[in-house]
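Asks: First residue of the sequence shown? That's 1 in full-length UniProt numbering, and the numbers climb one at a time after it.
Where a beta carbon is used, it is the ideal one built from N, C-alpha and C, also for glycine.
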Amino acid sequence: MTFKQTPSPNFSKRTAKIDMVVIHNISLPPNKFGGSYIEDFFQNQLDPTAHPYFATIEHLKVSSHLLIKRNGAVVQFVQFADKAWHAGVSHYRGRDNCNDFSIGIELEGADDIAYTAMQYQQLNKILADLCKQYPIKYIVGHNDIAPDRKTDPGRAFDWSKINEHR
């Protein structure tokens, strides 16, 4: 798998075995698509004066392994062998700190806005490749690992469009 590389400084060395993929959504500003704001955010280069919302998140240091844009283009911020900072405070099946053992995939989207056919197509290709490369046991939403804090990928995400990969 090769993707456009846009390295983020927000990662650390991974020490645990990867067995999970976490699906997220992101739009910057909220519910708006396009532009370079997501890439800027994951690279700590987001201009806090470009939109009022940006001033509320400028202090955050976060990343994801991949971003799938609305048109299906894929950007990689963190190598899979490294730990991206996407899950935050999280817990799943008796384990805390899901960043340690997961790959984070962001979809450019919002909880209540339908995702595109291209995004589902790319996501399925990526999941198939990841499941060949790693012993993936769980494909979950951010809401599954941080239910008190997160709602993504949201009601608009159609889990039935995700092929069985395990």
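By how many angstroms is the C-alpha of Gly154 removed from the C-alpha of Asp112?
Replies: Position 112 of the sequence shown holds residue 112. Position 154 of the sequence shown holds residue 154. Taking the straight line joining both Cα atoms gives about 6 Å.
Asks: Measure the C-alpha to C-alpha separation of Ile126 and Asp144 and round it to an integer number of angstroms.
Replies: Here residue 126 refers to the residue found at position 126 of the sequence shown. Here residue 144 refers to the residue found at position 144 of the sequence shown. Spanning the two alpha carbons is a distance of roughly 20 Å.
Asks: Check the C-beta distance from Lys161 over to Phe101 and give it rounded, since I have them as a contact under 8 Å.
Replies: Within the sequence shown, residue 161 is the residue found at index 161, counting from 1. Within the sequence shown, residue 101 is the residue found at index 101, counting from 1. Actually they do not touch by this definition, with Cβ atoms about 25 Å apart.
Asks: Pairing CB atoms from the segment 53–67 with CB atoms from the segment 19–34, are three or more of them under 8 Å?
Replies: Because the criterion of three Cβ pairs below 8 Å is met, the segment 53–67 and the segment 19–34 touch.
Asks: Might you give, ordered along the chain, the residues of its own chain that have their beta carbon closer than 7 Å to the beta carbon of Phe3, omitting 5 neighbours on each side?
Replies: Sequence index remark: in the sequence shown, residue 3 carries index 3 (1-based). Within the same chain, Phe3 has close Cβ partners Leu66, Val74, Val75, Gln76.
Asks: Along the beta strand (DSSP E) that carries Leu67, what are the first and last residues, could you check?
Replies: Here residue 67 refers to the residue found at position 67 when the sequence shown is read from its first residue. Where Leu67 is concerned, the enclosing beta strand (DSSP E) stretches over 66–68.
Asks: Pull up the CB-CB distance for Phe33 and Glu108, whole angstroms please, since I reckon it's below 8 Å.
Replies: Numbered from its first residue, the sequence shown carries residue 33 at position 33. Numbered from its first residue, the sequence shown carries residue 108 at position 108. Between Glu108 and Phe33 the Cβ distance is about 6 Å, and since that is below 8 Å, they are a contact.
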